[in-house]
Amino acid sequence: MKPLHYLRDAAVFAPCYVVLDWVSYIHPLGAFNITPWNPQPALAVAWMVLGGLVHAPAVLATVVLADTLVRGAPGGMGVIVATALVLTLGYAAIAWALRHLLRPAPNLHSLRQLTLFICVAVPSTSIIALGFVGTLYGFGQLEPDSVLPGWLRFWVGDAVGVLVTAP
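Mapping of the sequence shown onto numbering that gives the first Met the number 0: residues 0 to 166, in sequence order.
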């Protein structure tokens, strides 16, 4: 991919991701992005499915930017970067799996493709949620009694966002 095309694509992706993060920041658990609906992961996953994992650095930077602009970097930059790494690696793993499972073209035109998409998205978002909430807990940003509800809310929010928005 040519550098100017990469920058052009990132310049379109980043504001779209931030706006989706902003509009979906409803009923959060604490100051973090633990909400009942998260469409922005679908955008990141779709972009990396269609354009490749070369977009992961732009996704990482955009997740950090969104947390800073939308939530004011709760917990500080160390927490934001750590959670952004968890999210980016998780979204990249989903994109990698879908790129390989949905060959030759990553689309959802058949029942088989849709089933594969669901079978990847649902457990993957559960693991990502565990990593996100675990990171917050590890940094002392979540109380022990908030871990399970936080994991469940984040998982449902990301799973719904990816399942509804990505197709």
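We put the CB at the ideal spot given by N, CA and C, even for glycine.
### Task
Write down every uninterrupted run of the alpha helix (DSSP H) in the stretch 8-67 whose length is 4 residues or greater and which is fully enclosed by it, in chain order.
39-50, all fully within the stretch 8-67.
### Task
Along the alpha helix (DSSP H) that carries Ser-109, what are the first and last residues, could you check?
As a working mapping, residue 109 is identified with position 110 in the sequence shown. Ser-109 -> no alpha helix (DSSP H), and no H or E assigned at all.
### Candidates Ala-45, His-26 and Gly-77: closest to Gly-36 by CA position
In the sequence shown, the residue the question calls residue 36 occupies position 37. Here residue 36 turns out to be Trp, not Gly, going by the sequence shown. Among Ala-45, His-26 and Gly-77, the Cα nearest to that of Trp-36 is on His-26.
### Query
Ile-127 to Val-78, Cα distance in whole Å?
Residue 127 sits at position 128 when you count from the first residue of the sequence shown. Residue 78 sits at position 79 when you count from the first residue of the sequence shown. Going from the Cα of Ile-127 to the Cα of Val-78 covers about 16 Å.
### Query
Mind pulling the beta strand (DSSP E) runs of 3 or more residues that sit fully within the stretch 113-146?
none
#### Entry: Cβ pair count under 8 Å reaching 3, the stretch 15-26 against the stretch 49-67
Three or more beta-carbon pairs separated by less than 8 Å link the stretch 15-26 to the stretch 49-67, which places the two stretches in contact.
### Task
Can you have a look at Arg-152 and say buried or exposed, based on whether 16 or more other CB atoms are within 10 angstroms of its CB?
Position 153 of the sequence shown, counted from the start, is the residue given in the question as residue 152. The residue in question, Arg-152, is buried, as its Cβ has 16 or more Cβ neighbours within 10 Å.
### Task
Ignore the nearest five residues each way along the sequence and tell me which others in Leu-107's own chain have a CB closer than 7 Å to its CB.
In the sequence shown, residue 107 corresponds to position 108, counting from 1. These residues qualify, in order along the chain: Leu-113, Phe-116 and Pro-166.
### Query
Going by C-alpha distance, which of Val-69, Ala-57, Gly-29 and Ala-60 is nearest Val-22?
The residue labelled residue 22 in the question sits at position 23 within the sequence shown. The shortest C-alpha separation from Val-22 is found at Val-69.
### Task
Output the distance between the C-alpha atoms of Ala-57 and Arg-7, rounded to the nearest integer angstrom.
Along the sequence shown, read from residue 1 onward, the residue named residue 57 stands at position 58. Along the sequence shown, read from residue 1 onward, the residue named residue 7 stands at position 8. Straight-line Cα distance between these residues: approximately 11 Å.
### Message
Just to confirm my understanding: we take Thr-134, look at its own chain, exclude 5 residues before and 5 after, and list those with CB closer than 7 Å. What are they?
### Response
Locating residue 134 in the sequence shown gives position 135, counting from the first residue. Counting only Cβ-Cβ distances below 7 Å, and skipping sequence neighbours, we find Ala-81, Thr-82 and Val-85.
#### Entry: Which listed residue (Leu-28, Ala-41 and Asn-32) has its alpha carbon closest to that of Phe-12
For the purposes of this step, residue 12 is taken as residue 13 along the sequence shown, with counting starting at 1. When each option's Cα is compared against that of Phe-12, the closest is Ala-41.
#### Entry: Integer-rounded CB distance, given that Ala-91 should sit under 8 Å from Leu-52
Along the sequence shown, one-based indexing puts residue 52 at 53. Along the sequence shown, one-based indexing puts residue 91 at 92. Their Cβ separation, rounded to whole angstroms, is 5 Å, which keeps Leu-52 and Ala-91 in contact under 8 Å.
### Query
Alpha carbon to alpha carbon, how far is Ala-94 from Ala-45?
Taking the sequence shown and counting its residues from 1, one reaches residue 94 at position 95. Taking the sequence shown and counting its residues from 1, one reaches residue 45 at position 46. Using only the alpha carbons, I get a separation of about 7 Å.
### Task
Within the same chain, show all residues whose beta-carbon is closer than 8 Å to that of Gly-74, passing over the 5 residues directly before and after it, in chain order.
As a position in the sequence shown, residue 74 is number 75, starting the count at 1. Same-chain partners within the cutoff: Ala-30, Phe-31, Leu-135, Phe-138 and Gln-140.
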